[in-house]
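In our numbering, the protein residues as written are 4 to 286. These notes concern the structure reproduced below.
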């Protein structure tokens with residue numbers, strides 16, 4: 004499953020009804036990126052449009068990568084302001100979507116969050132809109148403030164999965180003899196580390212040519228087992244066994260990385276299993 008975050012582009016903050024802000028998709032991360040906005044809140048609408056006052060309009064444009072995936076859940080985070088603080092059970096806000104039939108109410112569970120935010124957890128019928136090239140959301144909240152602060156911009160979080168079989172992308176990874184040599188190079192101080200031990204090597208994904216695929220971490224400390232094992236045990240020598248320096252069973256640890264396959268429009272968290280040795284022994 005892959006979380007993707009949609010958020011307003013420059014100039015999409017705190018607009019009144021009738022004003023469309025451009026929206027773009029950006030990758031989700033553990034720490035949400037702040038939104039950028041340089042357009043102040045518009046003044047109140049003319050008297051003829053009073054019925055639309057308190058309606059905020061946002062235009063979303065998912066990335067091509069998201070359009071190729073199936074959306075399994077979506078949430079809209081909207082800053083409702085401190086006015087809703089006395090009664091956190093009701094925010095007085097609801098969400099609509101602009102369709103050919105006009106403004107249609109969207110089914111969503113409203114969950115107040117910390118710091119005066121409200122989370123709209125959309126029902127499954129809404130998810131098909133996130134797979135469109137463009138869709139417009141309207142938030143109707145008469146008592147919500149019109150804000151232009153970057154840290155109060157609304158954003159949409161969508162979780163996606165592949166539409167078909169998740170074909171391995173590792174076929175596109177630049178495996179090359181040079182990269183393999185970098186991964187397999189032994190310790191430079193062979194004499195000082197002749198016996199079996201746990202060695203460490205700093206691996207740079209940029210050095211391997213993988214920085215366009217693996218975006219975080221940029222490097223990691225690769226622990227591996229290295230060194231020779233003596234045939235000091237009479238039993239192993241008599242049976243003809245040869246001891247090897249290897250990780251103890253059950254002690255290998257995974258490495259978690261964040262990758263992108265569409266130039267940074269979206270991120271995917273992947274786990275490389277059993278790659279980091281914790282304990283080494285002659286076995």
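No residue lacks a Cβ here, since even glycine has one placed at the ideal position from N, Cα and C.
Residue 259 - containing beta strand (DSSP E), residue span = 256-262
Would residue 121 be called buried (16 or more neighbouring beta carbons within 10 Å of its own) or exposed?
-> buried
Could you check the C-alpha separation between residue 211 and residue 275 for me, to the nearest Å?
-> 16 Å
Using three-state DSSP, classify residue 271 as helix, strand or coil.
-> strand
Where does residue 202 fall in DSSP's three states?
-> strand
Out of 82, 61, 111, 85, point me to the one whose CA is closest to residue 76's CA.
-> 111
With distances taken between CB atoms, is the gap from residue 269 to residue 68 smaller than 8 Å?
-> yes
Return helix, strand or coil for residue 211, following the three-state DSSP convention.
-> helix
Short check: CB of residue 199 to CB of residue 283, under 8 Å?
-> yes
Boundaries (first-last residue) of the beta strand (DSSP E) holding residue 163 = 158-165
For residue 97, the three-state DSSP class (helix, strand or coil) = strand
Can you tell which of 257, 102, 280, 202 has the C-alpha that lies nearest to the C-alpha of residue 230?
-> 202
Expressed to the nearest angstrom, what Euclidean distance is found between the alpha-carbon atoms of residue 16 and residue 83?
-> Because residue 16 sits at a pLDDT of 34, beneath the cut-off of 50, its placement in the model cannot be relied upon, and the following sentence gives the value as read from the coordinates. Roughly 13 Å separates the two Cα atoms.
The beta strand (DSSP E) spanning residue 72 covers which residue range?
-> 72-82
Taking the alpha helix (DSSP H) that residue 130 falls in, what are its first and last residues?
-> 130-133
Helix, strand or coil at residue 108 according to DSSP, with G and I counted as helix = strand
Backbone secondary structure at residue 65 - three-state DSSP = coil
Contact check, residue 277 vs residue 252, beta carbons under 8 Å = no
Within the present structure, is the beta-carbon of residue 251 separated from the nearest heavy atom of the ligand SAH by less than 7 Å?
-> This structure simply doesn't include the ligand SAH, nor any ligand for that matter.
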